[in-house]
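Residue 0 is where the sequence shown starts when you use numbering that gives the first Met the number 0, and the numbers rise one by one after that. Every residue, glycine too, gets a C-beta built ideally from N, C-alpha and C. Computed from a predicted model, the values in this text were never measured in an experiment.
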Amino acid sequence: MITRRTALKAGVAATSVVGTGGMLLPVVNATAKEPARAAAAELDAAGITKFAQKMPLPPVLTPYLNTGSTSYYRMTLKEATKEIVPGLRTPLRTFNGSFPGPVIKAESNRRVVIKQTNNLAVPTSIHLHGAHVPQDSDGSPMDLIPSGGGTKTYTYPNTQPHANLWFHDHAHHMESENVFRGMTGTYILTDDVERRLPLPAGQYDVPISLRDARFLENGELVYAMGDFMKRNVILANGRAWPYFEVASRKYRFRLTNTSNQRFFDLSLADDSELVQIGTDGGLLPAPYRTNVVKISPGERADVVIDFSRYPVGTVIELRNKDIAPFESADVVGKVLQFRVTRTAPDHSSVPERLRTLPALGTATVNREFDMRMDEAPGGSAYINGKTYDMDRIDTEIAYGATEIWTVHNSNKIAPHNFHMHLVQFRVLERNGQPVTSGPETGLKDTVPLKPGETVKLQATFTGYRGTYVYHCHLFDHGAMGMMANMRIS
Ligand code: C2O
Ligand code: CU
Ligand code: CU
0 MITRRTALKA GVAATSVVGT GGMLLPVVNA TAKEPARAAA AELDAAGITK
50 FAQKMPLPPV LTPYLNTGST SYYRMTLKEA TKEIVPGLRT PLRTFNGSFP
100 GPVIKAESNR RVVIKQTNNL AVPTSIHLHG AHVPQDSDGS PMDLIPSGGG
150 TKTYTYPNTQ PHANLWFHDH AHHMESENVF RGMTGTYILT DDVERRLPLP
200 AGQYDVPISL RDARFLENGE LVYAMGDFMK RNVILANGRA WPYFEVASRK
250 YRFRLTNTSN QRFFDLSLAD DSELVQIGTD GGLLPAPYRT NVVKISPGER
300 ADVVIDFSRY PVGTVIELRN KDIAPFESAD VVGKVLQFRV TRTAPDHSSV
350 PERLRTLPAL GTATVNREFD MRMDEAPGGS AYINGKTYDM DRIDTEIAYG
400 ATEIWTVHNS NKIAPHNFHM HLVQFRVLER NGQPVTSGPE TGLKDTVPLK
450 PGETVKLQAT FTGYRGTYVY HCHLFDHGAM GMMANMRIS
């Protein structure tokens, strides 16, 4: 068990920034680096040519060993330089030199073991978001892999149904910058329930990581805590505004929002149908036909688009409709362009029933959580009035308990979302209305909360005992303190 003292030491060694009371100060850390770069000007996102580069697919990682029960992988965290904006080179913190990181394909009830070697200059902690894992493999904020060659082996039992998971850095107070600089990857967990459905598969099943970023004209990323207003370059699979060539048939897109703070409301330029089939914790009970798919930071959406309605030669944009008053639709309103370049046979279909969810159970404990941040610059962020303290247990949970958590965003301007480690939960109510249809009927691990909103969640805490975090998944907010510990014992 790593204590607060050793965790701080590891952090301090890499950043040399300690504030009063021994708190790591990521804001200082981030801005302290900026003067060296001040010579290069800010890159103007409006000036970047849209849809000029092809969207790459992240590499699928191969295990170095497969036994009867387990697949073994190795990954190395290292610096790498990539072309994100055409013609510019961007230094990144990566898994294995890829951006976004590689894809792991896992199966329920078959273990995955990953040895991570940290060759970065900063400590890290690798968290598998949405996974049901023992505490020592959860990648908790204080369980750091030292920089400069430190290693840690994570064991993922995969004792949960299929789900679209993702992994990212979670080092205390540094996750926000580490993730911004590239430390994310995709983890697709499948099972027989999912596999036997006739959904689009193989090359027609495409993972896409969406996020925003901010650059200098020399290609370097600019990270400064809370500067979401300047992060206006939209990336799909690590490229700024790419295009993707498709056949005129159905595709399945597994979307992950890896942004720091950006919410996406995705729709096609002609507002035609998107079929959302899944969410954080796997397939929905039934497909949800809509013209807008919403994902807040950390959330996933599994979406089928049928391009057979477009003749070959059609070009159609995927757009973002969540545009702030200070933003331009010609910039952050654009995401990705599909080009229908060929025909292809299509034997896939989307069944009207996709899965049966596990029984809800009867809740015996009710709790309330208030999420709030200081909206003036330089402030803190709180859950139930407290900023995160890794040594404080905020919520004591009896092993096996089923609980209802009512979570409220009491900010007037700032949106939040709420993410719990260890469990997939259910959304019972949103703003007093029962959730009976749509994308929140599935298993969730992250829910958005616009200002003033309230959600009622139900979770059962079983499988592992230990201390896990819950937090706002707008990374800057989490790093500002909007995080807390729950202990299941
Ligand atoms: Cu995406 Cu605490 O996690
Ligand atoms: Cu998580
Ligand atoms: Cu928040």
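Three-state secondary structure (DSSP) of residue i
{"i": "serine 97", "result": "strand"}
{"i": "histidine 346", "result": "coil"}
{"i": "tyrosine 309", "result": "coil"}
{"i": "serine 488", "result": "coil"}
{"i": "threonine 158", "result": "coil"}
{"i": "histidine 472", "result": "coil"}
{"i": "glutamate 439", "result": "helix"}
{"i": "aspartate 135", "result": "helix"}
{"i": "lysine 411", "result": "coil"}
{"i": "arginine 238", "result": "strand"}
{"i": "valine 84", "result": "coil"}
{"i": "glutamine 115", "result": "strand"}
{"i": "arginine 194", "result": "helix"}
{"i": "serine 271", "result": "coil"}
Cβ-Cβ distance between residue i and residue j below 7 Å
{"i": "valine 102", "j": "proline 206", "result": "yes"}
{"i": "phenylalanine 98", "j": "glycine 181", "result": "yes"}
{"i": "serine 379", "j": "proline 197", "result": "no"}
{"i": "isoleucine 382", "j": "methionine 481", "result": "yes"}
{"i": "glutamine 134", "j": "isoleucine 125", "result": "no"}
{"i": "leucine 540", "j": "isoleucine 276", "result": "What the structure shows of the chain is the stretch from 0 to 488, and residue 540 is not part of that stretch, so it cannot be assessed."}
{"i": "glycine 360", "j": "threonine 401", "result": "yes"}
{"i": "asparagine 163", "j": "isoleucine 187", "result": "yes"}
{"i": "alanine 170", "j": "leucine 143", "result": "yes"}
{"i": "threonine 255", "j": "arginine 195", "result": "no"}
{"i": "phenylalanine 424", "j": "alanine 458", "result": "yes"}
{"i": "valine 489", "j": "leucine 273", "result": "It is not possible to answer for residue 489, since the shown part of the chain is limited to 0 through 488."}
{"i": "valine 339", "j": "asparagine 319", "result": "no"}
{"i": "proline 447", "j": "asparagine 416", "result": "yes"}
{"i": "methionine 389", "j": "methionine 141", "result": "yes"}
{"i": "proline 284", "j": "threonine 440", "result": "yes"}
Nearest-angstrom Cα separation, counted from residue j out to residue i
{"i": "threonine 453", "j": "glycine 312", "result": "45 Å"}
{"i": "leucine 215", "j": "asparagine 410", "result": "32 Å"}
{"i": "threonine 80", "j": "glycine 148", "result": "19 Å"}
{"i": "proline 265", "j": "aspartate 329", "result": "One detail in the question is off: residue 265 reads as leucine in this sequence, not proline. So the alpha carbons of these two residues sit roughly 14 Å apart."}
{"i": "histidine 418", "j": "asparagine 484", "result": "12 Å"}
{"i": "proline 57", "j": "serine 146", "result": "25 Å"}
{"i": "glutamine 336", "j": "glycine 129", "result": "29 Å"}
{"i": "isoleucine 294", "j": "valine 84", "result": "24 Å"}
{"i": "leucine 234", "j": "aspartate 211", "result": "6 Å"}
{"i": "asparagine 108", "j": "isoleucine 412", "result": "43 Å"}
{"i": "leucine 60", "j": "methionine 74", "result": "9 Å"}
{"i": "valine 178", "j": "phenylalanine 460", "result": "28 Å"}
{"i": "alanine 323", "j": "proline 414", "result": "12 Å"}
{"i": "proline 241", "j": "tyrosine 398", "result": "47 Å"}
{"i": "glutamate 351", "j": "serine 436", "result": "13 Å"}
{"i": "leucine 42", "j": "proline 296", "result": "24 Å"}
{"i": "lysine 455", "j": "asparagine 365", "result": "10 Å"}
{"i": "serine 488", "j": "threonine 394", "result": "11 Å"}
{"i": "arginine 3", "j": "threonine 154", "result": "With a pLDDT of 34 at arginine 3, under the threshold of 50, the predicted position of this residue should be treated as unreliable, though the coordinate-derived value follows. Spanning the two alpha carbons is a distance of roughly 23 Å."}
{"i": "valine 468", "j": "serine 70", "result": "27 Å"}
{"i": "aspartate 475", "j": "arginine 213", "result": "15 Å"}
{"i": "aspartate 369", "j": "tyrosine 463", "result": "26 Å"}
{"i": "proline 438", "j": "glycine 201", "result": "24 Å"}
{"i": "serine 327", "j": "threonine 363", "result": "48 Å"}
{"i": "proline 160", "j": "threonine 66", "result": "21 Å"}
{"i": "glutamate 193", "j": "proline 286", "result": "13 Å"}
{"i": "glycine 46", "j": "glutamine 260", "result": "23 Å"}
Proximity test, residue i beta-carbon vs ligand 2 heavy atom, cut-off 6 Å
{"i": "histidine 171", "result": "no"}
Interface flag, residue i vs chain C, CB-CB below 7 Å
{"i": "valine 232", "result": "Here chain C cannot be found, since the structure has a single protein chain."}
Distance cut-off 6 Å: residue i Cβ against heavy atoms of ligand 3
{"i": "methionine 419", "result": "no"}
{"i": "histidine 476", "result": "yes"}
{"i": "leucine 473", "result": "yes"}
Residue i beta carbon near ligand 1 (any heavy atom closer than 6 Å)
{"i": "histidine 415", "result": "no"}
{"i": "histidine 128", "result": "yes"}
{"i": "glycine 480", "result": "no"}
{"i": "glycine 67", "result": "no"}
{"i": "glycine 181", "result": "no"}
{"i": "glycine 297", "result": "yes"}
Whole-angstrom C-beta distance between residue j and residue i, which should lie under 8 Å
{"i": "leucine 442", "j": "aspartate 321", "result": "Incorrect: roughly 24 Å between the Cβ atoms, too far for contact."}
{"i": "arginine 491", "j": "phenylalanine 306", "result": "The shown model of the chain, from 0 to 488, leaves out residue 491, and the question about it has no answer."}
{"i": "glycine 184", "j": "phenylalanine 94", "result": "5 Å"}
{"i": "asparagine 118", "j": "leucine 91", "result": "Rounded, the Cβ-Cβ distance is 13 Å, inconsistent with contact."}
{"i": "glycine 218", "j": "leucine 87", "result": "3 Å"}
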